[in-house]
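See structure below.
In our numbering, the protein residues as written are 122 to 212.
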């Protein structure tokens, strides 16, 4: 049997990638990241999707992106709004 590792965020894109791989006959192993995010809704969704689509195993790896600086995802910072592209700098 073919095997695949799916990076599973809990969002629509990664869930769709997992569903396609399962439909194509892959034994899927899911990998999600706990990156210091303020909310756990993404990981809960990833666990739900992994269970519903029958992954072989679902691992959650801890990586702390706060080591690289804060963002609205990992710190008590407000989500930036109404910025023009020039104000964002090079991404």
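Cβ coordinates follow ideal geometry from the N, Cα and C atoms, glycine included.
Residue 143 versus residue 181 - alpha carbon distance: Those two C-alpha atoms are separated by around 20 Å.
Beta strand (DSSP E) runs wholly inside the segment 123-171, at least 3 long, in chain order: Counting whole runs of 3 or more residues, the segment 123-171 contains the beta strand (DSSP E) stretches 124-128, 148-155.
What residue range is occupied by the uninterrupted beta strand (DSSP E) comprising residue 181? Counting along the chain, the beta strand (DSSP E) containing residue 181 begins and ends at 178-183.
CB of residue 151 within 9 Å of CB of residue 127, strictly: Taking 9 Å as the cut-off, the Cβ atoms of residue 151 and residue 127 count as close.
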